[in-house]
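Asker:
2 protein chains.
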Amino acid sequence: MFKSIRHYLLGKTLAIRETAEEKLTNFQALAIFGSDALSSTAYATEEILLVLALAGAMASSHLLPISLAIALLILMVAFSYREIIYAYPQGGGVYNVAKENLGETPGLIGASSLVFDYILTVTVSVAAGVAAITSAFPSLYPYRILMGLLVILFLMWINLKGVRSSGRIFSLPTYIFIATILGLLIIGIIRVIFGILPKAAILTDVTATALPLQALSLLLILRAFSSGCAALTGIEATSNGVRAFKEPETKNAGKILLRLAILLIFIFLGIGFLSSQVGLVPAQSETILSQVAKIVFGKTPFYFLTQIATFLILFLAANTPYAGFPRMVALQAQDGYWPKQFSLLGSRLVFSNGIVALSIVSAILLLLFKGNVHTLIPMYAVGVFLGFSLSQLGMIFYWKKQGFGKHLKSVMINFIGFIATGTVFMVVLFSKFIYGAWILLPTILILLFVMKKIKKHYQNVEKILSLEETEFLRVLPEKIMMIVFVSKLNRLAIETALFARGFKPGEIKAFHIAFDEKEATELKNEWEIRFSEIPMDIVIDEFREIIPHALNYIRNMEKQWKESGGEKVIAVIPMVVPTSIFDNFLHNKTAEELANAIRKDPENNAEILENYIKVH
Amino acid sequence: MFKSIRHYLLGKTLAIRETAEEKLTNFQALAIFGSDALSSTAYATEEILLVLALAGAMASSHLLPISLAIALLILMVAFSYREIIYAYPQGGGVYNVAKENLGETPGLIGASSLVFDYILTVTVSVAAGVAAITSAFPSLYPYRILMGLLVILFLMWINLKGVRSSGRIFSLPTYIFIATILGLLIIGIIRVIFGILPKAAILTDVTATALPLQALSLLLILRAFSSGCAALTGIEATSNGVRAFKEPETKNAGKILLRLAILLIFIFLGIGFLSSQVGLVPAQSETILSQVAKIVFGKTPFYFLTQIATFLILFLAANTPYAGFPRMVALQAQDGYWPKQFSLLGSRLVFSNGIVALSIVSAILLLLFKGNVHTLIPMYAVGVFLGFSLSQLGMIFYWKKQGFGKHLKSVMINFIGFIATGTVFMVVLFSKFIYGAWILLPTILILLFVMKKIKKHYQNVEKILSLEETEFLRVLPEKIMMIVFVSKLNRLAIETALFARGFKPGEIKAFHIAFDEKEATELKNEWEIRFSEIPMDIVIDEFREIIPHALNYIRNMEKQWKESGGEKVIAVIPMVVPTSIFDNFLHNKTAEELANAIRKDPENNAEILENYIKVH
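Heads up: the sequence lines are chains A and B, in that order.
Each number in the numbering used here corresponds to the 1-based position in the first sequence with 16 added.
Each number in the numbering used here corresponds to the 1-based position in the second sequence with 16 added.
And the structure:
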């Protein structure tokens with residue numbers, strides 16, 4: 017039944033394996049790898065303004081200088097990642113780069129930061145996408161958390177169903193967004209030049225007015241800068257997908273990465289410029305981008321188009337971790353760092369467990385942070401910059417192995433990249449520590465601990481199961497003791513005893529737990545008439561606590577049997593199994609529970625032989 | 017962990033079996049067997065008034081005649097049950113009497129009516145007990161359902177813990193109730209005689225005023241009578257506990273039954289008399305008994321004592337099914353009519369499953385009927401009278417077997433009892449049909465069907481397991497085919513194959529499900545090098561849907577093996593078992609799921625041999 021529901025929801029099992037992925041044209045690639053990065057312009061400027069607003073209306077004049085600094089950072093990071101693209105065309109995720117060049121622990125820290133990033137990309141993009149919609153349709157504002165959860169559910173569903181990534185469809189929302197935003201910027205700038213752009217009306221629910229003014233300290237500027245660094249999230253995406261580009265792969269990928277960076281800088285600075293011209297102040301129920309668009313376009317269809325395009329690109333950005341996260345976890349699970357279940361393709365040829373885990377955790381985050389982008393940004397930014405700086409550090413060590421001398425330009429680029437991103441990481445971590453950035457540290461530590469513990473367990477199992485080392489155990493029946501568990505003297509018990517005896521084990525015993533002395537004597541007498549050669553041991557317990565007695569008996573027998581030269585014990589359990597669900601309720605599961613208890617008991621090494629009578 | 021929580025909640029396992037129950041003095045017995053019957057006076061009069069109120073204020077003059085008719089009925093039923101006490105001193109429940117004298121189906125109908133009654137006794141008594149409290153403390157009224165659920169939870173808890181029935185403690189609440197009610201009646205009657213009992217103030221939330229007036233038809237009178245018959249519930253209790261009386265048991269029990277009936281009649285008529293004198297009208301938030309007590313005592317401590325005593329006796333009444341129901345179900349489960357689990361004593365030597373089932377169902381009823389006594393009464397009354405009339409009918413057949421002539425007086429009594437209770441059953445059923453009495457019919461039919469179906473299943477199993485009929489199966493290894501399931505070529509797989517081969521089965525095969533052709537060939541080659549004599553069959557499925565392939569293979573092999581003269585197939589399953597919970601999550605349960613699927617599959621008769629490697 018469960019299966020048919022699943023089939024109904026997820027469609028027929030895919031018959032054909034997606035083998036060769038289609039190659040993307042540069043035009044498509046920009047859209048597909050760019051959605052994550054470009055979509056962050058939907059909230060980055062607002063995050064800067066939110067911090068600056070704390071120091072009063074005048075402080076917003078710092079918006080442009082801060083934005084320029086971030087634009088410079090974008091350029092440095094883009095050039096640094098172009099080096100990674102050349103060095104790791106097969107996929108330059110921080111896990112690979114750090115593990116290969118820095119060792120296991122840095123690799124795992126990189127992996128943990130990626131887990132952190134992927135999850136937050138979903139949560140932040142969904143929250144920001146919903147905010148784009150509720151800005152245009154304020155009556156939906158009270159339902160924003162529900163809407164966010166539905167979007168995540170939808171993402172989970174389409175990904176479990178298995179999206180066939182089609183470059184054409186997926187590049188559409190990005191280009192709609194680029195077109196509308198460029199239109200917005202151009203018209204806005206023209207209106208500024210001609211001096212016909214109105215000033216913003218002061219909104220009633222301005223977030224910052226409720227808070228006491230702060231002095232415009234250096235710390236505040238650093239905090240504003242840290243918030244704005246959210247603009248960089250997703251810029252590394254291209255370096256993970258080099259294989260999807262047309263030949264020459266690395267050259268195309270590098271080119272697209274730079275073009276993307278320039279586009280990103282242009283949009284980000286443009287939004288910053290218009291915001292500061294109009295004198296916008298962040299509001300709770302309307303995003304800055306929505307305010308800008310409303311002032312530039314008025315409440316025309318172009319305004320609504322902007323909001324919908326913003327939602328769509330953010331939806332696409334929220335979808336990218338669904339491609340990356342399950343595959344990364346599957347790879348790491350193959351390396352033994354995550355439960356093996358994550359490395360198994362489901363019947364739809366997707367890593368279902370990863371998709372479900374990603375959805376659940378990001379939905380929980382969305383709930384915990386009440387769908388509020390601002391409170392999520394500090395964590396998001398700090399996680400992303402940890403990944404950036406680890407990657408750049410890894411690259412420095414990579415070039416060292418290749419020989420610094422031969423790659424001086426690349427070394428310099430990655431070195432500058434490392435200094436820049438490392439510094440920003442520290443700035444974000446400290447300036448945003450109490451605003452949520454601290455969460456990164458325990459999370460990384462816990463993930464690191466868990467991944468290492470999992471690895472250790474699998475190594476242990478692998479060692480136990482390995483074909484080398486010692487001799488294989490060859491246990492012959494004469495070295496085996498069989499213990500037949502008898503609950504009643506019925507056909508099943510007798511046939512089970514006959515069955516066990518047929519194997520001619522070295523020793524065979526019967527075991528029974530009796531309610532009282534009388535029952536014990538009666539059963540024993542009857543048993544001895546039928547099986548004089550199978551001695552029966554009986555424990556009397558009026559409470560019939562079967563399992564503890566049985567485990568105890570098995571442990572003792574195993575010990576005795578090994579002491580007297582035996583090798584193995586087999587618990588032989590007769591079972592009446594009803595094959596219908598209704599009848600299932602009419603039988604207590606004592607035999608099944610006993611088998612399970614013996615199986616899980618660390619203090620015995622008995623095998624189990626189950627002898628059935630099935631009742632239809 | 018679960019066990020220690022259980023121990024904490026339910027105390028240490030009882031070390032000593034309660035063997036000989038203490039014998040009750042007549043004084044104690046009246047209280048213990050009387051609580052159920054006497055407590056119904058807390059609501060019976062109100063139920064009559066509720067119906068009469070529909071015909072306007074004047075109709076309440078019919079209260080006394082109706083009450084007198086019910087008093088007569090009480091006498092008849094008491095005398096009829098005294099005959100049952102003499103005839104069935106070992107326990108004259110309707111199940112016994114009807115089964116022995118009328119046959120299986122009437123016995124099961126009786127059993128179903130008892131199930132119905134026991135559950136409703138809990139629900140009605142708890143609801144009425146809570147009503148007694150909320151009448152005295154109206155601020156608690158909004159929490160009545162919660163309070164009722166807590167009372168049921170408490171009843172479940174003390175009964176799971178195992179109440180040691182102590183005659184002294186249990187008779188106390190009943191006598192407090194008897195004393196306060198008698199005090200109430202005597203003072204009330206004196207005040208009536210001296211003409212100093214005030215008339216009732218009309219309460220604002222009078223239930224009936226909201227409904228349109230109805231003509232005082234015969235049907236209405238019959239409905240009022242039917243409602244009042246709730247006074248008889250519980251009167252049969254004595255006949256189930258004859259063995260608890262001191263010698264001469266039956267004589268004492270009969271005597272107490274009659275005394276109880278007279279006391280019941282006196283209290284019931286007294287409350288009716290006072291209510292009609294004061295001109296009380298039923299109200300939603302205050303019971304009639306509370307109104308009577310408030311008028312007679314004023315808002316003195318005596319009033320509150322009356323309400324608390326009423327609660328206590330109703331609590332005791334709600335507790336009686338906890339003694340009766342689990343034992344009855346256990347007995348019927350031993351007869352094969354209920355799942356065997358109900359016949360097992362728990363570690364506290366109580367029939368825990370019965371106690372839990374009773375609590376859950378009565379709690380659900382309380383929720384469904386919103387803790388409202390009035391809506392429950394029609395069901396309750398019709399169920400009780402079905403039991404009464406079946407018992408009396410059974411007794412008539414009993415006397416027929418004994419010879420009518422020798423027991424003429426008894427025959428007459430039971431005959432009158434049958435005519436009276438049978439008529440009342442029909443009256444209640446039809447006059448209250450649309451008010452809830454109809455629920456009895458489908459319930460009885462369903463219970464009857466279920467009980468018969470369960471019995472049939474157990475008979476079937478018993479037949480299969482019986483020691484007679486055919487020869488026992490003696491399967492020797494040469495008639496056995498072993499199928500070793502291989503998921504990987506590791507130490508476990510090899511040792512399992514060696515282990516299976518050691519038994520020298522008639523045939524041995526290995527089975528593997530491969531992901532693709534390459535994996536299949538590699539494994540097969542490696543396998544053939546090690547085990548040339550164990551042919552390996554491989555199915556290729558890129559989706560690795562293991563279980564359907566495995567079941568299919570087993571079914572086919574079993575068919576082939578039997579066709580070529582074999583007798584049995586054993587599925588040999590290697591299992592890696594982590595003994596810690598954490599590690600448990602790191603292994604997919606494929607092997608366990610496979611074993612379970614083979615076990616439950618109706619289309620194979622394979623046994624299972626599990627070979628473990630335990631990972632600590």
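Every residue gets a Cβ at the ideal spot worked out from N, C-alpha and C, and that includes glycine.
#1: When you compare only the Cα positions, how much space is there between L634 (chain A) and M467 (chain A)?
#2: Where do the ends of the beta strand (DSSP E) carrying P590 (chain B) lie?
#3: For the segment 594 to 608 of chain A, enumerate the residues whose C-beta is nearer than 9 angstroms to any C-beta of chain B, in chain order.
#4: Secondary structure at L625 (chain B), three-state DSSP: helix, strand or coil?
#5: Report yes if the C-beta distance between F441 (chain B) and S405 (chain B) is below 8 angstroms; otherwise report no.
#6: If you measure between the beta carbons of G250 (chain B) and A103 (chain B), is that distance less than 8 angstroms?
#7: Among A:A60, A:M498, A:K605, A:K630, which residue has its Cα nearest to the Cα of T595 (chain A)?
#8: Alpha carbon to alpha carbon, how far is K495 (chain A) from G522 (chain A)?
#9: Using a Cβ-Cβ distance cut-off of 8 angstroms, determine whether P355 (chain B) contacts chain A.
#10: May I ask you to list, following chain order, the residues of the segment 489 to 512 of chain A that have a beta carbon less than 7 angstroms from some beta carbon of chain B?
#11: Thinking C-alpha only, which one of A:I529, A:S187, A:F434 is nearest E99 (chain A)?
#12: If you run the structure through DSSP and keep just helix, strand and coil, what is T29 (chain A)?
#13: Identify, in the order they occur along the chain, each residue of the same chain with its Cβ nearer than 8 angstroms to the Cβ of V14 (chain A), setting aside the five sequence neighbours on each side.
#14: Does H632 (chain B) get closer than 8 angstroms to chain A when you measure Cβ to Cβ?
#15: Assign L88 (chain A) to buried or exposed, taking buried as 16 or more other Cβ atoms, counted over all protein chains shown, within 10 Å of its Cβ.
#16: Exposed or buried, E533 (chain A), counting other C-beta atoms within 10 Å across all chains shown (16 or more means buried)?
#17: Could you list which residues in chain B have their beta carbon closer than 7 angstroms to that of V477 (chain A), in chain order?
#18: With C-beta atoms as the reference, is A269 (chain B) less than 8 angstroms away from I101 (chain B)?
#19: For a cutoff of 8 angstroms on Cβ pairs, would you count L332 (chain B) as touching chain A?
#20: Check each candidate in A:S375, A:E623, A:L489 and name the one with the smallest Cα separation from V138 (chain A).
#21: For I597 (chain A), is the classification buried or exposed, using 16 other Cβ atoms within 10 angstroms of its Cβ as the cut-off for buried?
#22: Under 8 angstroms by Cβ, that's how I've got R239 (chain B) and V67 (chain B) pegged, so tell me the actual separation to the nearest angstrom.
#23: Comparing the C-beta of A224 (chain A) with each C-beta of chain B, is any distance below 8 angstroms?
#24: Kindly list, in the order they appear in chain A, the residues whose Cβ is closer than 9 angstroms to that of G107 (chain B).
#25: If distances are taken between C-alpha atoms only, which option among A:V146, A:F186, A:G107 comes closest to V167 (chain A)?
#26: Shortest alpha-carbon distance to I455 (chain A) belongs to which of A:L80, A:I64, A:D133?
#27: Going by DSSP, what residues sit across from M633 (chain A) in a beta bridge?
#28: Could you tell me which chain A residues have their CB closer than 9 angstroms to the CB of L483 (chain B), listed as they occur along the chain?
#29: What does a CB cutoff of less than 8 angstroms around G199 (chain A) pick up in its chain, not counting 5 residues either side in sequence?
#30: May I ask which residues mark the beginning and end of the alpha helix (DSSP H) holding D599 (chain A)?
#31: Locate the alpha helix (DSSP H) running through F531 (chain A), then write down its first and last residues.
#32: What would DSSP say about E643 (chain A), mapped onto helix, strand or coil?
#33: Measure the beta-carbon distance from S129 (chain A) to G352 (chain A) and round it to whole angstroms, keeping in mind my assumption that it falls under 8 angstroms.
#34: Restricting to runs no shorter than 3 residues, where is the beta strand (DSSP E) found entirely within the segment 68 to 143 of chain B?
#35: Helix, strand or coil for E558 (chain A), going by three-state DSSP, please let me know.
#36: Is it right to say A333 (chain B) is buried, meaning 16 or more other beta carbons lie within 10 angstroms of its own, or is it exposed?
Answerer: According to the structure data:
#1: Here chain A has residues from 17 to 632 only, and residue 634 (chain A) is not among them.
#2: 584 to 594
#3: P594, T595, S596, F598, D599, N600, F601, L602, H603, N604, E608
#4: strand
#5: yes
#6: no
#7: A:K630
#8: 5 angstroms
#9: yes
#10: L489, R490, V491, L492, P493, N506, R507, L508, I510, E511
#11: A:F434
#12: Legend: pLDDT at T29 (chain A) = 46, less than 50; position of this residue unreliable, value from coordinates given subsequently. Three-state DSSP puts T29 (chain A) in coil, outside helix and strand.
#13: The structure shown does not extend to residue 14 (chain A), since chain A is modelled only from 17 to 632, so the question has no answer here.
#14: yes
#15: exposed
#16: exposed
#17: V592, V631
#18: yes
#19: no
#20: A:S375
#21: exposed
#22: 5 angstroms
#23: Residue confidence for A224 (chain A) is low, a pLDDT of 47 falling below 50, so the modelled location carries little weight; the figure read from the coordinates is stated next. Cβ-Cβ to chain B under 8 angstroms: no for A224 (chain A).
#24: Correct list: empty, because the minimum Cβ distance to chain A is about 23 angstroms.
#25: A:V146
#26: A:D133
#27: With chain A represented from 17 up to 632, any question about residue 633 (chain A) goes unanswered, as that position is not in the structure.
#28: L505, N506, R507, I510
#29: F318
#30: 597 to 600
#31: Taken as a continuous stretch (DSSP letters only), F531 (chain A) belongs to no alpha helix (DSSP H), as it is neither H nor E.
#32: Past the boundaries of the shown model lies residue 643 (chain A); chain A is included only from 17 to 632, so the question cannot be answered.
#33: So it is not a contact: roughly 20 angstroms between Cβ atoms.
#34: none
#35: coil
#36: buried
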